[in-house]
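**Q** This note's numbering puts the sequence shown at residues 0 to 690.
A virtual CB, placed ideally from N, CA and C, is assigned to each residue, including glycine.
Here the structure is a predicted model, which means the values were calculated and not measured.
Just passing along the structure, written as structure tokens.
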Amino acid sequence: MTTIPTAPADLLADESAYLDAVARARQAADAYYGSGESSMDDDTYDRLLRGITAFEVEHPDLVAADSPTREVAAGVTSGDVEHAVRMLSLGNVFSEEDLRDWAASLERRLGGRPVAAWVVEPKLDGVALAARYRDGRLVQLVTRGDGSTGEDVSHVIGDLVGLPRELAEPVTIEVRGEVLMTEEQFAAANEARAAHGGAVFANRRNASSGSLRAKDRPYRVQQTFFAYDALTDPAHTSDPGLAELPHSELIARLADLGLGTTLGTPVGTLACADLEAVLARIEAIGTMRPDLAYELDGAVVKADLPADRAEAGTGSRVPHWATAYKYPAAQKITTLLGVEWSVGRTGVIAPRAVLEPVEVGGTTITYATLHNPADIRRRDLMIGDQVTVYRAGEVIPRVEGAMTTLRTGAEQVIEFPEACPRCGAAIDRSQERWRCERGRACGQVEAIRYAVARDCLDIEGLGEKLVVQLVEKGMIEDFADLFSLTREQLLDLDRMGEVSADKLLAAIGDARSRPLNRVFCALGVLGTGRSMSLRIAGYFGSMDAIQAADAVALERVDGIGGEKAPVIVAEVAELAPVIAKLKAAGVNLEQPGWVPLPAPDAEPEESGLPLHGMAVVVTGGMTGPLAEHSRTQMNELIARAGGKASSSVSKRTGLVVAGEKAGSKLDKANDLGIEVITPEQFAERLAEFLE
């Protein structure tokens, strides 16, 4: 599996540096668990805490009494409600090696025998909460606090999805879980907060923590609760049978009572027979992470059986029978240095954040999307703010919000453009996304260059200078006009001789036969690109079918949701004149080899295609017959042969095509025992599908 390098620890040279680190860690923890707004992100805090731990191992006689390693949620204001059983934290591991070491230590605590069964569940990034039910009625909500005592937040009863006022059975029980905001709930909370004159939250955890503690507000904020445990000792529940249940069955029992759990979600609690299955589940959860409506920062690994837990025992801060496998941080805190304004192919004017470089998820981020001017106002952003930046998987980095309580007074207001930054025309401000009043005409040159690029129509010899000439002389308004150009028109251009004109006309002629996905990609429809265009063309098969599709039909395409579908429908309708020109010019508007997809309730059938239903990963440089194939062409080849191109190797991968300098994907495929072939072997296998 893909592992995370063990998180580096801050090096503490002497006792003075150690005490300073302890003070900084406690200050950060106090802000994190108290106000929910800390200038230290999780990754930085983890490094600091590991440095403190390393120093204490080397110097046990110098351990500070207030060290964060000695307490649960060190630095937090505890509250005045005592927990019947302490609410503990979890230890962390950061790699497969770390996890195996931890599992070995657990086995030693079990007298050298293996753990009987494991369970893996998502580590949700929210606020820990205890919910107390008496005779099936919800009577009290208490935050974790310092683990021994917490804060009563019963005023939010009724606001938490997954915490019903009454259970399905009249049992007395204390349920423990995580409170968080889904993406939709976070947006609604910020809208309500802004509508009442408040600054928007910097991130979802801040929003969740702040909303739990807020009292006497003129508005309500909805959140979501996921149960991850319960007090099963007969002293704390009216259902003595709970104590005998494996953890996986306990979660199912809580769900039956009507409580929210992760069961039924893609990342739900799952029992695993051995450590290899645990590692596979951790990887699977990590792969799904970017597509979830809620945030998680790791996977929790636990011994499933009560007997194993009892024998392993619990330390002062963490249970010995559970740990958290942390994924690379999806969000970090950095400084907003400025805002740039650009104009897209369709005339949309978009702001982009210029950031102090920061590493998020293994990638250095210097720019992030700000969506639109209204979003900047909603988030109350200023130049110089400390901002939370989010990135996961292939998601474009975005600014979540500003740490407004950390402002110094030196921050500057973000200036919005008075006219189109590209052409100086007036701006249409009627929608949240501002647009140049000239629309697509403003981005003519950029749009045409995009359309003729290698991943779209691939018209060789049509560079930027030539496109500019064609536009300025009024020969073309959009890329569809290219197919109506004559030899005489081309010869009228600067530096265009007969040979060059003939070559360009031949290249344009070749572009007429490109597959539908290339032509659709060339249209530059908002919300689509190479991969999405391939999926849309593969689903509908023809431009006529795409034009006839409504939002409901488009949502059936993999990767298109309720927000994107109406945008694509509107864009395709707006581009109808361009599509009409393409039809008139004889451009191919059908997907070669297209086969209608079966009805949703139909039994899957073998297509007879060599890659039917197979996930294929291409890595490294292609050689032999595929040497000139771009990634787009490789993806098209895979689709024609019935497969699905994938960008990452996992247990679901069926085949890896490894070219020159294949690297880590090849290593991972070999580790997982996945079939690996060369580009030459792949070309031979799919010879009938090569163009």
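To the nearest angstrom, how far is it from the Cα of E294 to the Cα of K325?
**A** Your numbering for residue 294 matches position 295 in the sequence shown. Your numbering for residue 325 matches position 326 in the sequence shown. Each residue's Cα considered, the two are about 13 Å apart.
**Q** Tell me whether the stretch 261 to 280 and the stretch 191 to 207 touch, counting them as touching only if at least three CB pairs, one residue from each stretch, are closer than 8 Å.
**A** No: fewer than three Cβ pairs fall under 8 Å.
**Q** Name the residue from G337, E358, A547 and K331 whose alpha carbon lies nearest to the alpha carbon of V412.
**A** Position 413 of the sequence shown, counted from the start, is the residue given in the question as residue 412. Closest by alpha carbon: G337.
**Q** Name the two residues that bound the continuous alpha helix (DSSP H) containing G694.
**A** Nothing about residue 694 can be read from this structure; the chain reaches only from 0 to 690.
**Q** Going straight from the alpha carbon of R216 to that of V138, what length do you get?
**A** Counted from its first residue, the sequence shown places residue 216 at position 217. Counted from its first residue, the sequence shown places residue 138 at position 139. Going by the C-alpha atoms only, they are around 21 Å apart.
**Q** Got a sec, what are the start and stop residues for the beta strand (DSSP E) A564 sits in?
**A** For the purposes of this step, residue 564 is identified with residue 565 of the sequence shown, where counting begins at 1. It is not in any beta strand (DSSP E) - A564 instead sits in the alpha helix (DSSP H) that spans K563 to E573.
**Q** Assess, as a yes-or-no matter, whether the stretch 652 to 659 is touched by the stretch 667 to 682 under the definition of 3 or more beta carbon pairs within less than 8 Å.
**A** Judged by Cβ distances under 8 Å, the stretch 667 to 682 makes contact with the stretch 652 to 659, as three or more pairs qualify.
**Q** Could you have a look at Q221 and say whether DSSP puts it in helix, strand or coil?
**A** The residue labelled residue 221 in the question sits at position 222 within the sequence shown. In the structure shown, Q221 sits in coil (DSSP, three-state: anything other than H, G, I, E or B).
**Q** If I measure Cβ to Cβ from P576 and keep anything under 6 Å in the same chain, skipping five residues before and after, which residues do I get?
**A** Here residue 576 corresponds to residue number 577 of the sequence shown, with the count starting at 1. Closer than 6 Å at the Cβ level, and outside the excluded window around P576, lies no residue.
**Q** Please work out which residues of its chain come closer than 7 Å, Cβ to Cβ, to D557, disregarding the five sequence neighbours upstream and downstream, and give them in chain order.
**A** The count along the sequence shown starts at 1 and reaches residue 557 at position 558. Cβ within range, chain order: R534.
**Q** If you draw a straight line from the alpha carbon of R219 to that of T52, how long is it in whole angstroms?
**A** By one-based count along the sequence shown, residue 219 stands at place 220. By one-based count along the sequence shown, residue 52 stands at place 53. Using only the alpha carbons, I get a separation of about 41 Å.
**Q** Could you give the DSSP three-state label for C520: helix, strand or coil?
**A** Here residue 520 is taken as the residue at index 521 of the sequence shown, counted from 1. It is helical.
**Q** Hey, how far is the Cα of A759 from the Cα of Y366?
**A** Here the chain has residues from 0 to 690 only, and residue 759 is not among them.
**Q** Could you tell me the distance, in whole angstroms, from the CA atom of R304 to the CA atom of W117?
**A** In the sequence shown, counting from the first residue as 1, residue 304 sits at position 305. In the sequence shown, counting from the first residue as 1, residue 117 sits at position 118. Position check: residue 304 holds Leu in this sequence, whereas Arg was assumed. L304 and W117: Cα-Cα distance of roughly 8 Å.
**Q** Per DSSP, which one or two residues make a beta bridge with A367?
**A** For the purposes of this step, residue 367 is taken as residue 368 along the sequence shown, with counting starting at 1. A367 pairs with A352.
**Q** Find the nearest neighbour of V470 within the set T236, A446, E150 and L581, judged by alpha-carbon distance.
**A** Translated into the one-based positions of the sequence shown, residue 470 becomes position 471. It is A446 whose Cα lies nearest to the Cα of V470.
**Q** Taking the straight line between their C-alpha atoms, what separation do you get for E81 and R143?
**A** Sequence index remark: in the sequence shown, residue 81 carries index 82 (1-based). Sequence index remark: in the sequence shown, residue 143 carries index 144 (1-based). Between E81 and R143, the C-alpha separation is close to 10 Å.
**Q** Taking DSSP's pairing of strands, which residues face C271 in a bridge?
**A** Counting from 1 along the sequence shown, the entry for residue 271 is found at position 272. Per DSSP, W117.
**Q** With DSSP as the reference, please indicate the residues paired to T333 in a beta bridge.
**A** As a position in the sequence shown, residue 333 is number 334, starting the count at 1. Bridge partners of T333: V386.
**Q** Please tell me whether G161 and G259 are closer than 8 Å, where the distance is taken between their beta carbons.
**A** Taking the sequence shown and counting its residues from 1, the one referred to as residue 161 is at position 162. Taking the sequence shown and counting its residues from 1, the one referred to as residue 259 is at position 260. Their beta carbons are under 8 Å apart, which means G161 touches G259 by this criterion.
**Q** Okay, do the stretch 123 to 133 and the stretch 181 to 192 touch, 3+ Cβ pairs below 8 Å being the bar?
**A** Contact between the stretch 123 to 133 and the stretch 181 to 192 is absent, because fewer than three Cβ pairs lie under 8 Å.
**Q** Assign Q411 to one of three DSSP states: helix, strand, or coil.
**A** Working through the sequence shown from its first residue, we reach residue 411 at position 412. Three-state result, Q411: strand.
**Q** Helix, strand or coil for S247? Go by DSSP, reduced to three states.
**A** What you label residue 247 is simply residue 248 of the sequence shown in a count that begins at 1. In this structure, S247 counts as helix in the three-state DSSP scheme.
**Q** Have a look at I507 and A644 and give me their C-alpha separation to the nearest angstrom.
**A** On the sequence shown, position 508 is the one that residue 507 refers to. On the sequence shown, position 645 is the one that residue 644 refers to. Cα to Cα, the separation comes out at about 28 Å.
**Q** Cα separation between V75 and G149?
**A** Along the sequence shown, read from residue 1 onward, the residue named residue 75 stands at position 76. Along the sequence shown, read from residue 1 onward, the residue named residue 149 stands at position 150. The pLDDT assigned to V75 is 47, lower than 50, so where the model puts this residue is not dependable; a value taken from the coordinates is nonetheless given after this. Straight-line Cα distance between these residues: approximately 10 Å.
**Q** If I follow the unbroken alpha helix (DSSP H) through G312, where does it start and stop?
**A** Stepping through the sequence shown from its first residue, residue 312 is reached at position 313. No alpha helix (DSSP H) holds G312; DSSP gives it neither H nor E.
**Q** If you draw a straight line from the alpha carbon of Y17 to that of A28, how long is it in whole angstroms?
**A** Taking the sequence shown and counting its residues from 1, the one referred to as residue 17 is at position 18. Taking the sequence shown and counting its residues from 1, the one referred to as residue 28 is at position 29. Cα to Cα, Y17 sits roughly 16 Å from A28.
**Q** What's the gap between the Cα of V467 and the Cα of L685?
**A** Indexing the sequence shown from 1 puts residue 467 at position 468. Indexing the sequence shown from 1 puts residue 685 at position 686. Between V467 and L685, the C-alpha separation is close to 40 Å.
**Q** Starting from E146, follow its DSSP beta bridges and name the residues at the other end.
**A** On the sequence shown, residue 146 is found 147 positions in, with the first residue counted as 1. Sequence inspection shows Gly at residue 146; the Glu mentioned does not correspond to that position. G146 pairs with nothing; no bridge assigned.
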